[in-house]
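Below: one structure, written as structure tokens.
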């Protein structure tokens with residue numbers, strides 16, 4: 001139950017922010033504040049602060065214009081402080097993260113009367129490693145052997161790299177730069193950056209000579225005193241996958257806010273997937289074999305390391321032929337015994353229902369055993385090297401040797417673990433009654449080099465999220481402008497593992513949607529007739545007004561290009577196509593044309609249906625060429641659809657239609673961005689009128705005025 005003192009604090013802070021900015025309270029925003037405060041304030045905990053209640057999550061769909069960032073900050077911060085917890089705000093995009101950090105939090109701190117500190121959390125790989133910077137300044141590799149393993153990734157070097165290193169050293173030493181990649185004034189080449197950063201396995205933490213000045217740990221110290229931590233979905237998920245409390249505070253000490261929460265299930269799936277290339281694995285194993293002489297010379301003085309190094313040749317010798325057999329077997333199963341044809345860029349083969357043939361499953365089991373042994377060996381060796389960095393530990397190995405070789409062994413341990421995870425996924429048999437893993441092969445070329453990649457992924461992140469996130473956190477808020485599908489939360493619950501007992505609410509929008517028209521004109525045809533559909537789009541574009549600011553959304557790059565090519569020359573000059581220009585430049589040109597009193601037409605793909613903000617006259621007409629059904633070539637989605645069908649379900653109605661509903665709402669949401677916005681949305685897909693799901697899709701849209709012709 002939210003006590004009166006806390007309730008009064010939230011109300012007073014809200015009132016002060018509104019008065020300072022000359023704003024009027026919005027009904028949806030007030031309702032959102034109340035829902036969050038009621039949910040989080042009602043969490044029961046024991047004397048140690050451990051959560052006891054299980055209705056600690058609220059899920060709120062709040063459309064554009066609600067002011068949801070201010071609402072969740074105002075409601076959640078006082079509750080978090082009162083309960084001794086940290087507020088972690090996680091966004092899906094850099095744009096929103098910057099808005100929260102640079103606009104919303106400073107505004108709240110300046111006007112609300114609430115006393116709090118905030119900090120940005122980023123992963124270790126976004127920060128400079130001072131040890132590597134020092135090595136680069138000296139013009140030497142920290143460990144020449146390590147460079148063998150990084151050459152396939154890092155192509156940086158030469159005079160430009162040395163100049164960059166010197167500039168970074170000067171900027172960091174003088175305090176003009178905080179050591180993170182994002183705040184460097186120009187883009188840094190990936191290969192260059194990889195030579196200057198490390199991951200959590202390679203880092204020696206407090207045992208590093210540069211620990212006191214380390215950019216990452218400086219940022220960590222800021223986090224320790226922050227009441228609000230701004231992060232992203234990926235960092236929260238990465239922290240949870242490491243057990244929680246590694247980069248961020250432990251989940252039990254956190255109240256999370258997931259803004260843009262509809263992205264969370266897909267982000268989580270990416271974290272739980274495995275992908276391993278056979279030839280890439282053979283290359284790093286081969287480099288390890290070549291490096292054994294150097295490793296023995298450097299480390300075999302320590303008895304345990306000597307014993308472990310002595311066993312590595314046998315382990316590698318057992319793995320290499322088995323990987324070669326997996327390569328041949330994969331090609332046979334994919335129907336490409338002799339590799340890709342000359343005219344093929346790549347080829348994907350998916351195992352039906354995720355079931356791999358018994359021969360491959362047994363082979364994966366053998367590889368699993370080999371990589372388990374290799375992982376244990378490398379982990380033990382890495383642990384000994386870490387202990388050797390501690391002056392109080394006497395391992396028989398000099399600190400200098402341990403410091404030089406730990407990054408290499410930690411890198412190899414990470415690669416062995418990833419291979420272990422992949423082959424474990426192929427060796428396992430899926431449990432009866434549970435959704436299977438998706439498993440598939442990809443044949444590709446990297447330059448002239450062929451590669452066969454084995455991949456595996458859960459088809460749902462729900463079980464893992466339910467256990468490691470919702471089950472372990474103190475409290476959570478999930479919010480976005482589009483969380484419901486066909487007006488209901490069931491699809492999100494199914495994908496994100498959200499329990500029925502949590503609080504769910506659709507908040508009213510502040511916009512008057514009658515200022516916009518939703519049109520299905522006579523030109524709308526069924527996209528099943530591709531030529532007729534493309535012809536209809538060309539005719540429609542040719543009939544647009546000279547002064548219109550238009551966003552035309554396509555479902556495929558091929559159709560976008562076909563329509564662009566078929567347009568009269570005068571019209572082609574007016575079109576700004578997404579695949580021809582960088583996104584930022586395209587938007588700038590569009591705005592400049594509108595500012596100059598001209599019309600402008602953007603041709604965009606699916607990514608332009610979300611996150612594009614063109615208020616007022618910058619966008620007066622959104623044209624959706626085709627209902628946004630996902631193309632059924634994604635191995636994860638295809639495997640899930642097969643499983644649903646095998647259980648008597650209809651994957652089209654259970655997955656495709658709800659997901660299309662969400663995407664359609666997002667696409668329509670590009671038009672009305674401010675209260676005074678108005679315009680037209682045109683749907684050029686007649687299926688919305690002729691198929692039984694069409695009415696449900698229309699009913700899930702905001703209450704636009706409708707012009708349905710036909």
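Residue numbers (full-length UniProt numbering): 1 to 710.
Think of the CB as a built atom: it goes at the ideal place given N, C-alpha and C, for glycine as much as any other residue.
Note that the coordinates shown come from a computational prediction; the quantities given were computed from them, not determined experimentally.
Short of 8 Å from the beta carbon of residue 124, and not among the five residues preceding or following it, lie these beta carbons of its own chain, in chain order: 197, 198, 199, 200, 203, 216, 247. Taking a C-beta distance under 8 Å as the contact criterion, residue 392 and residue 207 do not qualify as a contact pair. Within its own chain, the residues whose Cβ lies closer than 7 Å to the Cβ of residue 326, once the five positions on either side in sequence are excluded, are 278, 363, 367, listed in chain order. Look at residue 184 here: in three-state DSSP terms it is coil, with no helix or strand label.
For the region 552-580, the continuous beta strand (DSSP E) assignments of 3+ residues that do not extend past its boundaries occur at 575-577, in sequence order.
Taking C-beta separations shorter than 7 Å and ignoring five residues to either side along the sequence, the partners of residue 457 in its chain run 269, 272, 273, 437, 438, 636, following chain order. The Cβ-Cβ distance between residue 126 and residue 181 falls below 8 Å. By the neighbour-count criterion, in which a residue is buried when 16 or more other Cβ atoms sit within 10 angstroms of its Cβ, residue 301 is exposed.
Taking 8 Å as the cut-off, the beta carbon of residue 160 is found no closer than this to the beta carbon of residue 16.
Runs of the alpha helix (DSSP H) lying entirely within the region 355-443 and spanning at least 4 residues, in chain order: 358-388, 399-427.
Going by beta carbons, residue 262 and residue 612 fall outside the 8 Å limit. Per the C-alpha coordinates, the member of 680, 4, 645, 85 positioned closest to residue 620 is 680.
Looking from the CA of residue 416, the closest CA among 536, 288, 509 belongs to 288. Judged by DSSP in its simplified three-state form, residue 458 adopts strand. Residue 485 is bridged by DSSP to 488.
In this structure the region 53-67 does not lie against the region 82-101, because fewer than three pairs of beta carbons, one per stretch, are closer than 8 Å. Taking the C-beta atoms as reference points, residue 229 is found nearer than 8 Å to residue 86. As computed with DSSP, residue 254 is found in a beta bridge with 86.
Put simply, of 460, 226, 627, 517 the residue whose alpha carbon is nearest the alpha carbon of residue 101 is 226. Around the CB of residue 431, fewer than 16 other CB atoms lie within 10 Å, so the residue is classed as exposed.
According to the DSSP secondary-structure assignment, residue 277 is paired through a beta bridge with 453. Assigned with DSSP and collapsed to three states, residue 601 falls in strand. Taking the Cα of residue 470 as reference, the smallest distance to any Cα among 318, 10, 352, 253 is reached at 253.
Here residue 460 is buried. Its C-beta has 16 or more other C-beta atoms within 10 Å. A straight line joining the alpha-carbon of residue 626 with that of residue 704 spans about 19 Å. If you look at residue 127, you'll find it isn't in any beta strand (DSSP E); DSSP assigns it neither H nor E. 259 is the residue among 115, 259, 510 whose C-alpha sits nearest the C-alpha of residue 99. One alpha carbon belongs to residue 675, the other to residue 63, and they sit about 12 Å apart.
Taking a C-beta distance under 8 Å as the contact criterion, residue 623 and residue 576 do not qualify as a contact pair. At least 8 Å separates the beta-carbon of residue 75 from that of residue 43. Rounded to whole angstroms, the gap between the alpha carbons of residue 701 and residue 708 is 14 Å. When the alpha-carbon of residue 587 is set against those of 573, 602, 597, the nearest one is in 602. Looking at the backbone, the Cα of residue 506 and that of residue 523 are separated by about 34 Å.
Judged by DSSP secondary structure, residue 687 falls within the alpha helix (DSSP H) whose first and last residues are 687-690. The residue from 434, 616, 540, 344 with its alpha-carbon nearest to that of residue 643 is 434.
Around residue 645, the same chain offers 651 as residues with beta carbons nearer than 7 Å, after the five sequence neighbours per side are excluded.
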